[in-house]
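*Asks:*
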Amino acid sequence: GDWWATGVAGGSVRRKGVLQLSPEEGIWAVGQWFGQYHAFTHPDWTPLNLHQPPRIIQVALDCTSGQVAFADAEDGTPIF
Numbered sequence: 010g011d012w013w014a015t016g017v018a019g020g021s022v023r024r025k026g027v028l029q030l031s032p033e034e035g036i037w038a039v040g041q042w043f044g045q046y047h048a049f050t051h052p053d054w055t056p057l058n059l060h061q062p063p064r065i066i067q068v069a070l071d072c073t074s075g076q077v078a079f080a081d082a083e084d085g086t087p088i089f
């Protein structure tokens, strides 16, 4: 497809309708949009400069500090 995203969502995220991929909407995600990789931040997406396209993405959630981190699961390189 032309795009994909992966990440985590809070329990209060709307389940119907159009979703805004942003932390303000309770969604923390990275993905590809028409060949470009981004972290879906607000108000503007953050471009990601990746050394190679990731095949497997590790999503680490630290509930204590409220942090989400994304990394290339094959080599451990941080994505965002």
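Heads up, the sequence shown is in this note's numbering, so the first residue is 10 and it goes up one at a time. All C-beta atoms in this analysis are idealised placements derived from N, C-alpha and C, irrespective of residue type, glycine included.
Hey, would you say Ala38 sits closer than 7 Å to Phe89, going by beta carbons?
*Replies:* Here residue 38 refers to the residue found at position 29 of the sequence shown. Here residue 89 refers to the residue found at position 80 of the sequence shown. It is not a contact, given that the beta carbons lie outside the stated cut-off.
*Asks:* Please return the same chain residues whose Cβ sits closer than 7 Å to the Cβ of Val17, not counting the five positions on each side in sequence.
*Replies:* For the purposes of this step, residue 17 is taken as the residue at position 8 of the sequence shown. If we look at Val17 and ignore the five residues flanking it on each side, its Cβ neighbours are Trp37, Val68, Leu70, Val77.
*Asks:* List the endpoints of the continuous beta strand (DSSP E) containing Leu70.
*Replies:* On the sequence shown, position 61 is the one that residue 70 refers to. Leu70 -> beta strand (DSSP E) spans 66-71.
*Asks:* Taking Gln45 as the reference, give the member of Gly35, Glu33, Leu59 with the closest Cα.
*Replies:* In the sequence shown, residue 45 corresponds to position 36, counting from 1. Nearest C-alpha to Gln45: Leu59.
*Asks:* Do Leu30 and Ala14 have their C-beta atoms closer together than 7 Å?
*Replies:* Within the sequence shown, residue 30 is the residue found at index 21, counting from 1. Within the sequence shown, residue 14 is the residue found at index 5, counting from 1. Yes, Cβ-Cβ distance for Leu30 and Ala14 is below 7 Å.
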